[in-house]
Structures are given as C-alpha cells and as structure tokens.
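Colleague:
2 protein chains.
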Amino acid sequence: MSNEYRGKKAMITGGLGFIGSNLAHRLVELGAEVLIVDSLIPDHGGNLFNIEGIADQLRVNIADVRDRNGMDYLVRGQEYIFNLAGQVSHMDSMRDPYTDLEINCRSQLSLLEACRYNNPTVKIVYASTRQIYGTPDYLPVDERHLVHPTDVNGINKMAGEWYHILYSNVYGVRATSLRLTNTYGPRQLVKHSRQGFIGWFIRLAVDGEEISVYGDGKQLRDLNHVDDVVEAFLLAGASNAVNGEVFNLGGTRPVSLLEIVDTLIDLCPEASYRLVPFPEDKKRIDIGDYYGDYSKIETTLGWKPQVSLRDGLGDAIEFYRQNKEHYWE
Amino acid sequence: MSNEYRGKKAMITGGLGFIGSNLAHRLVELGAEVLIVDSLIPDHGGNLFNIEGIADQLRVNIADVRDRNGMDYLVRGQEYIFNLAGQVSHMDSMRDPYTDLEINCRSQLSLLEACRYNNPTVKIVYASTRQIYGTPDYLPVDERHLVHPTDVNGINKMAGEWYHILYSNVYGVRATSLRLTNTYGPRQLVKHSRQGFIGWFIRLAVDGEEISVYGDGKQLRDLNHVDDVVEAFLLAGASNAVNGEVFNLGGTRPVSLLEIVDTLIDLCPEASYRLVPFPEDKKRIDIGDYYGDYSKIETTLGWKPQVSLRDGLGDAIEFYRQNKEHYWE
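From first to last, the protein sequence lines stand for chains A and B.
All residue numbers for the first sequence refer to the working numbering, where the first residue is 13 and numbers rise by one.
All residue numbers for the second sequence refer to the working numbering, where the first residue is 13 and numbers rise by one.
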C-alpha cells in the first residue's frame with residue numbers, strides 16, 4: 013500500500029466531508045496527488061476545516077457532482093476516484109425525496125457517464141451503506157442478504173451502488189462498492205443530529221450533557237472508526253480482484269447503544285444519559301438490531317477493523333475537544 | 013371480481029400504452045369509472061387507438077407523471093391506481109440513463125408523494141419487471157432471488173418498486189408490486205424493436221418476413237399474454253393481503269426463442285427465420301435463460317397464467333392483421 017498511491021492522481025468526491033477528508037489526509041501522507049471535488053451543500057458535511065494541515069498539498073474544486081459538464085472535465089487523467097459525495101440523512105430523504113434522488117442517483121450517473129466517455133480506465137470505489145438491507149432477516153448480515161431498504165435514502169443509495177456495478181460489468185469502468193455501517197471519528201458533521209446518532213452522542217458527551225437514548229437502548233449496532241473505513245477504501249482501490257463487487261464493512265463486535273453511551277460517559281464523566289420513547293417518525297424507519305458479516309472483504313483484501321470502541325471514541329472526543337469551534341455550529 | 017370494481021374510481025398511469033389500455037378495456041367492462049393518465053411521449057407505447065371502442069366510456073388526461081402539481085390533483089378521490097407509466101426500453105436506458113431516471117424514479121416519487129398528501133387511502137398496483145433480477149443465479153427465479161439488474165432500466169425500475177413498498181410500509185399508502193416477465197398481445201408498441209423482441213417478432217410474422225434470432229435461439233423465456241397480466245393487476249388491486257408485497261408473474265412453461273418463432277411461422281407460413289450473431293451492445297445486457305416461479309401469487313391470490321403460447325400468439329396476430337395501420341408506423 014505504501015507505494016500503490018505514491019505520485020498517483022486520486023479524486024475524492026465529497027472530499028471535504030467526514031470520510032472523504034480523512035481519506036484525503038491519508039492519501040496525502042501516502043504521496044498521492046489528491047483532487048477534492050465537493051459541492052459544500054450546507055448541512056451535508058463539507059467543512060473546509062477538515063483539510064486543515066493538508067490544504068496546501070492538494071487541490072480543491074468546488075463543484076456539484078450533478079454537473080455533468082464539470083465532471084467530464086474533472087475525471088480526466090484521474091487514476092482513482094473515491095466516490096463519497098452523497099446525501100446521508102435518512103430523515104431528510106423522507107421529507108424531501110427529490111433532492112435525495114438528485115444527489116444519490118443523478119449525481120452517480122453523471123460521474124459514471126463522465127468516466128464512460130472521458131476516462132474509462134479509472135478505478136472507482138463507491139461509498140454505499142448497510143442501510144440498503146433495511147431490517148435484517150438474520151444476523152450478522154452478509155452480502156447474500158436480500159436488500160429491502162426502509163427509507164428513500166436507502167433505496168437511492170442502492171440504485172447508486174448498482175449503477176457502479178453495472179458500469180463496471182458493461183463498460184469496464186472498474187468499480188467496487190463498500191457497504192459502510194455506522195462510522196464515527198474526527199471530522200464528522202455534528203452540527204445537527206440528522207446524520208446519525210453516533211456523532212451527536214459524541215458531541216453531547218464532549219459538552220457534558222445528557223444523552224437521550226431512544227427505546228430501551230439495547231439495540232445492537234456495529235461501529236467503525238473512520239481510520240478503518242479509510243483503510244478499506246485504499247485496499248479496494250488498489251485491487252483489481254474486487255471490480256464489480258460489493259463488500260460489507262463491519263465493527264470489531266456488536267455493541268448496544270447503552271454500551272456506547274456508557275463508554276462515552278466513562279470518557280466524559282460530566283455527561284449522562286436518559287432513556288426516552290422512540291419518536292414516531294424515527295421509529296417508522298428504525299431497523300432494530302444490525303451488525304454485519306465482513307468476512308468477504310477480510311478473505312479477499314485482508315481488511316478487518318482494528319480500532320476498538322474505547323480507543324476510537326477516545327480519539328474522536330480528543331479531536332472535538334481541540335477543534336470544537338469548527339464543528340459545533 | 014365482477015363486483016369489486018363496479019362503480020369504483022380507477023386511475024391508470026400509462027393507460028394509453030400496451031398493458032394499461034388492455035387493463036382499461038377490462039375495467040370498463042367491469043363497470044369501473046376509469047381515468048387514464050398518459051404523457052404520450054413518442055415511442056413509449058401510448059397510442060390513442062388503444063382505447064378504440066371504449067374512448068367514450070372513460071376519461072383521458074394527457075399529463076406527465078413527473079408533474080407533481082398535476083398528480084396532486086389527479087390522484088384525489090381515486091380508489092385504485094394501476095401504475096404502469098414507465099420507460100421500458102433497456103437499450104434506451106443505456107443510451108440515455110437520465111431520461112430513464114426521470115421517468116422510472118422521479119415519476120414514481122411524484123405519484124407516491126401526491127398520494128401521501130392527497131389520497132393516502134388509495135390502493136396502488138405497480139408494474140415492476142423481472143429485469144431487476146438480472147442474470148439468474150438459479151431457475152426458476154422466485155421472489156427470494158437476489159436482485160442484480162444488468163441495465164440502467166432494471167436499476168431504476170427496482171428503485172421505483174421499492175418506493176412503492178416503502179410508502180406502503182411507512183405511510184400506509186397501500187401498494188403491491190408485480191414483477192412482469194415478457195408480455196405480449198394486442199395493443200403493444202411494435203413500431204420499433206426496442207421494447208423487447210416478442211412484439212417485433214409478431215410484427216415480422218404478420219408481414220411474412222424473415223425473423224432474425226440472436227445466438228442459437230435456445231435461450232429460454234417465459235411469456236405472458238396480456239390478458240393474464242391484466243387479471244393479475246385486478247386481483248392484486250382487490251386484495252389487502254398483498255399490501256407491501258412483491259410478486260412474480262410467470263408463463264405457463266419456459267419456451268425457447270426457436271419454439272416461439274416456430275409457432276409464429278406455423279401461424280404465418282409466409283414468415284421465416286434465421287440465426288444471427290448477438291450484436292455486441294445487446295449481448296452485454298443479455299441475461300441468458302430466464303423463467304420465473306409464480307407460486308407466491310398463485311398461493312396468495314389464486315392467479316395463474318391461462319393463455320397458451322399458441323392461442324396467445326394467434327390472438328395477437330389476428331389483432332394486428334385487422335389493425336395493422338394503427339401500429340406499424
């Protein structure tokens with residue numbers, strides 16, 4: 013890996029966002045020529061502070077992936093595209109399904125068509141989501157599990173994933189899709205709670221506030237620290253054995269919401285928690301317990317999560333304590 | 013069934029098209045108050061001659077399902093919506109994925125949002141497709157088969173289906189999705205060959221021309237005469253046991269392309285056939301053999317295909333012989 017990316021051109025869509033910017037930091041470290049493409053749509057996660065420290069070692073191009081003409085130009089000459097641009101809020105997708113469609117479907121077609129006609133030899137790694145499985149039929153969920161998403165965001169992300177697989181199979185635009193589970197760590201959007209519970213819980217813990225846990229708090233999830241996710245993107249980008257394939261990521265072990273909260277309170281003793289009933293609109297798209305089987309990517313690429321929950325949360329808390337003003341409002 | 017639809021308001025999107033218009037004929041016969049909504053997009057299958065004989069017993073509203081304001085008005089008061097509007101050409105979807113996205117995804121959201129806010133008690137039956145399974149992992153294909161579409165049309169139809177299931181589960185807008193296989197019969201678009209091989213073969217047979225069969229002609233398919241498909245829509249519309257569910261349709265038995273062509277030549281002895289190599293663009297999205305398992309809908313609704321291949325093709329040939337001028341150009 014240490015040589016794979018040296019001097020190579022790598023584009024990151026959504027590169028000012030949470031996972032994209034962490035990936036940018038790592039790629040710069042590995043000596044890649046990084047181009048970040050980000051639309052900086054308010055509230056979506058793009059944050060210029062996310063590239064603090066590496067801003068002069070990469071290029072940033074503010075553009076919307078929906079803009080086909082822009083993409084036609086930007087994809088040229090790239091050897092890798094890490095495709096992380098997306099609308100990630102489940103709740104927002106239910107309120108405004110059209111915008112979610114534009115960003116999670118039209119944008120993906122626009123990027124892929126740009127590659128089909130202007131850079132068919134590029135390698136793409138797409139950020140998909142475990143959300144497309146919906147409520148699990150069995151646990152842990154492997155890639156043979158039927159997809160039956162429970163929200164508009166899940167449906168559109170599923171279509172976005174399939175465009176990638178299709179363009180890989182039909183046009184040879186090599187693409188791999190990673191189905192991410194709950195990811196957390198430095199540089200996450202924590203201004204509001206609509207992009208998932210984990211970043212929001214971390215923020216409340218750092219502030220020493222009370223954390224509201226829906227239901228009985230026994231719901232199981234698997235979490236990945238962002239460093240582990242970045243590693244999966246780099247491994248997938250470097251391999252031709254994974255073209256046209258989808259892979260689950262997954263946590264070191266399933267953990268309950270209460271265990272997450274307990275660990276946070278242990279690290280931030282001023283914080284506390286309280287069980288509250290599930291709000292109706294959230295309950296309707298809740299999926300119950302979820303944890304994934306990541307043995308396919310482990311077998312194929314040797315990936316497995318390395319960061320423990322406690323170490324990972326500690327790292328995130330430390331980062332936000334130092335950089336609070338750039339993430340709180 | 014004979015009383016279920018009497019005096020009831022039933023809207024058919026794509027109602028001037030092939031299956032929609034056959035459904036309209038049957039609903040008028042059953043005494044329903046039919047509203048056809050169709051955009052008459054050239055080359056998509058809408059044909060005013062399709063309602064010849066019933067035009068004064070129903071209402072036609074020319075509108076695009078993508079038009080949310082129009083839909084907000086049109087869905088009001090409807091008791092059933094048979095949702096058949098769609099772009100159905102696999103080849104067109106590969107040439108222009110954006111239009112396919114607009115018609116097969118945005119339109120569906122627009123119709124469903126209109127129902128969510130203006131008619132949440134309506135019952136919807138959606139026309140999905142076996143295309144979403146892609147190349148089968150096993151035969152016959154049942155509803156537990158993984159979906160992995162091989163073209164943009166299949167991906168977008170899959171998303172369209174899932175929006176329906178989602179709105180049924182989350183908002184109580186009752187919806188059922190039928191995964192249609194190759195359908196043929198009167199009132200099909202046969203002006204060009206881009207909407208599937210079967211209508212095109214029938215046209216060539218009626219004209220006594222030579223039919224080009226790709227490959228060795230041994231590919232298996234299951235075919236449904238449109239009367240059987242119409243029956244499935246009516247049964248699904250009349251049942252609350254199928255809300256939020258998807259069902260395969262399927263033919264009486266798998267048949268090879270050569271058997272179809274032989275039957276056509278038997279019925280139209282002037283016609284002939286010839287084996288030709290697969291064109292590259294078609295080969296890339298071809299799915300090999302396909303036939304479906306329809307036991308789920310048989311068990312739940314008592315549906316099974318009734319029309320034999322020979323009777324069905326005979327019926328179609330007779331119809332086009334009499335009405336050639338309205339379908340040939």
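Glycine residues also receive a C-beta, built at the ideal position from the N, C-alpha and C atoms.
1. Along the beta strand (DSSP E) that carries B:His-343, what are the first and last residues, could you check?
2. How big is the Cα-Cα spacing for A:Leu-121 and A:Tyr-175?
3. Taking only beta carbons into account, state which residues of the region 307 to 328 of chain B come closer than 9 Å to chain A, listed in chain order.
4. Using the Cα positions of B:Leu-124 and B:His-102, report the straight-line distance between them to the nearest angstrom.
5. So what's A:Arg-215 in DSSP terms, helix, strand or just coil?
6. Would A:Leu-96 and A:Thr-25 be called neighbours here (beta carbons separated by less than 8 Å)?
7. What residue range does the alpha helix (DSSP H) around B:Lys-295 cover?
8. Is there a C-beta anywhere in chain A that falls below 8 Å from the one on B:Asp-163?
9. Should A:Gly-314 go down as buried or exposed, given a rule of 16 or more other Cβ atoms within 10 Å for buried?
10. Could you check whether the Cβ of A:Arg-118 sits closer than 8 Å to any Cβ belonging to chain B?
11. Excluding five sequence neighbours on each side, which residues of the same chain lie with their C-beta closer than 8 Å to the C-beta of B:Ile-329?
12. Mind checking who A:Ser-284 pairs with in its DSSP beta bridge?
13. At a CB distance below 7 Å, what residues from the region 286 to 309 of chain A approach chain B? Give them in sequence order.
14. In the DSSP assignment, find the unbroken alpha helix (DSSP H) run with A:Ala-328 in it and report its ends.
15. B:Asn-255 versus chain A: which residues are under 8 Å apart at the beta carbon?
16. Flag B:Tyr-150 as yes if its beta-carbon sits less than 8 Å from any beta-carbon of chain A, otherwise no.
17. So, do the region 192 to 210 of chain B and the region 50 to 70 of chain B have three or more beta carbon pairs nearer to each other than 8 Å?
18. Using a Cβ cut-off of 8 Å (strictly closer), state whether A:Glu-125 contacts chain B.
19. Check whether the Cβ of A:Glu-341 sits closer than 7 Å to any heavy atom of the ligand MN, and report yes or no.
20. Starting from B:Leu-47, trace the alpha helix (DSSP H) both ways and give me its first and last residue.
21. Quick one: which chain B residues come within Cβ less than 9 Å of A:Trp-212?
22. Return the CA-CA distance between B:Thr-133 and B:Leu-86, expressed in angstroms with no decimal places.
23. Examine chain A for any beta-carbon lying closer than 8 Å to the beta-carbon of B:Pro-266, and answer yes or no.
24. Below 7 Å CB to CB, which residues in the same chain sit around B:Ser-119 once its five sequence neighbours on both sides are set aside?
25. Expressed to the nearest angstrom, what Euclidean distance is found between the alpha-carbon atoms of A:Pro-289 and A:Val-153?
26. Please report the Cβ distance between A:Lys-135 and A:Arg-88, rounded to the nearest whole angstrom; I am assuming they are in contact, meaning their Cβ atoms lie under 8 Å.
27. Buried or exposed for B:Asn-165, going by 16 or more other Cβ atoms inside 10 Å?
28. Going by Cα to Cα distance, which pick from B:Leu-325, B:Leu-246, B:Pro-109 is closest to A:Ala-171?
29. Which first and last residues belong to the beta strand (DSSP E) in which A:Ser-14 is found?
30. Pick out whichever of B:Asp-274, B:Met-106, B:Lys-336 has its Cα sitting closest to the Cα of B:Asp-298.
31. Taking only beta carbons into account, state which residues of the region 81 to 101 of chain A come closer than 8 Å to chain B, listed in chain order.
32. Would a check of beta-carbon distances place A:Val-182 closer than 8 Å to chain B?
33. Is the beta carbon of B:Leu-232 sitting closer than 8 Å to the one on B:Ser-180?
34. Contact check, A:Gly-342 vs A:Leu-270 under 8 Å by CB: the rounded distance?
35. So B:Gly-324 packs on B:Tyr-196, CB below 8 Å; how close in whole Å?
36. So B:Val-159 contacts chain A; which residues on that side make the cut at Cβ distance below 7 Å?
Modeller: Per the coordinate set shown:
1. Given that chain B is displayed from residue 13 to residue 341, the structure contains no residue 343 of chain B and the question cannot be resolved.
2. Using only the alpha carbons, I get a separation of about 7 Å.
3. Legend: CB atoms of the region 307 to 328 of chain B lying less than 9 Å from CB atoms of chain A are not found in any residue.
4. One Cα belongs to B:Leu-124, the other to B:His-102, and the distance between them is close to 24 Å.
5. In the three-state reduction of the DSSP assignment, A:Arg-215 falls in the helix class, which pools H, G and I.
6. Cβ atoms of A:Leu-96 and A:Thr-25: closer than 8 Å.
7. For B:Lys-295, the enclosing alpha helix (DSSP H) starts and ends at 292 to 295.
8. It does: the Cβ of B:Asp-163 has a partner Cβ on chain A nearer than 8 Å.
9. With fewer than 16 other beta carbons inside 10 angstroms of its own, A:Gly-314 counts as exposed.
10. Under the Cβ criterion of 8 Å, A:Arg-118 is counted among the residues facing chain B.
11. When the five nearest sequence neighbours on each side are left out, the beta carbons in the same chain lying within less than 8 Å of the beta carbon of B:Ile-329 are those of Ile-214, Ala-217, Val-218, Leu-276, Leu-279, Cys-280, in order along the chain.
12. The partner list for A:Ser-284 (beta bridge, DSSP) reads A:Glu-222.
13. Result list: Arg-296, Ile-297.
14. Counting along the chain, the alpha helix (DSSP H) containing A:Ala-328 begins and ends at 321 to 335.
15. The contacting residues do not exist; B:Asn-255 stays about 15 Å from chain A at best.
16. The beta carbon of B:Tyr-150 does not come within 8 Å of any beta carbon belonging to chain A, so the residue lies off that interface.
17. Touching, yes, given that three or more Cβ pairs across the two stretches are closer than 8 Å.
18. Yes, A:Glu-125 counts as interfacial toward chain B.
19. In terms of ligand content, the structure shown is empty, and the ligand MN therefore cannot be addressed.
20. B:Leu-47 -> not in any alpha helix (DSSP H); beta strand (DSSP E) instead, spanning 45 to 50.
21. None at all; the shortest Cβ gap to chain B is about 23 Å.
22. So the alpha carbons of these two residues sit roughly 14 Å apart.
23. For B:Pro-266, the answer is no, since every Cβ of chain A falls outside 8 Å of its Cβ.
24. Result list for B:Ser-119: Val-77, Arg-78, Ala-97, in chain order.
25. The alpha-carbon atoms of A:Pro-289 and A:Val-153 are separated by roughly 27 Å.
26. Between A:Lys-135 and A:Arg-88 a beta carbon distance of about 15 Å is seen, past the 8 Å cut, so the two are scored as non-contacting.
27. Burial call: buried.
28. If we check each option's Cα against that of A:Ala-171, B:Pro-109 comes out closest.
29. A:Ser-14 -> no beta strand (DSSP E), and no H or E assigned at all.
30. Just measuring C-alpha positions, the residue of B:Asp-274, B:Met-106, B:Lys-336 sitting nearest B:Asp-298 is B:Met-106.
31. Within the region 81 to 101 of chain A, no residue has a Cβ that lies closer than 8 Å to any Cβ of chain B.
32. Yes, because at least one Cβ of chain B sits closer than 8 Å to the Cβ of A:Val-182.
33. No, the Cβ-Cβ distance between B:Leu-232 and B:Ser-180 is not below 8 Å.
34. Within the shown structure, residues of chain A are numbered from 13 to 341, placing residue 342 of chain A beyond reach of any answer.
35. Right, the Cβ-Cβ distance comes to about 7 Å (below 8 Å), so this counts as a contact.
36. Simply Val-159.
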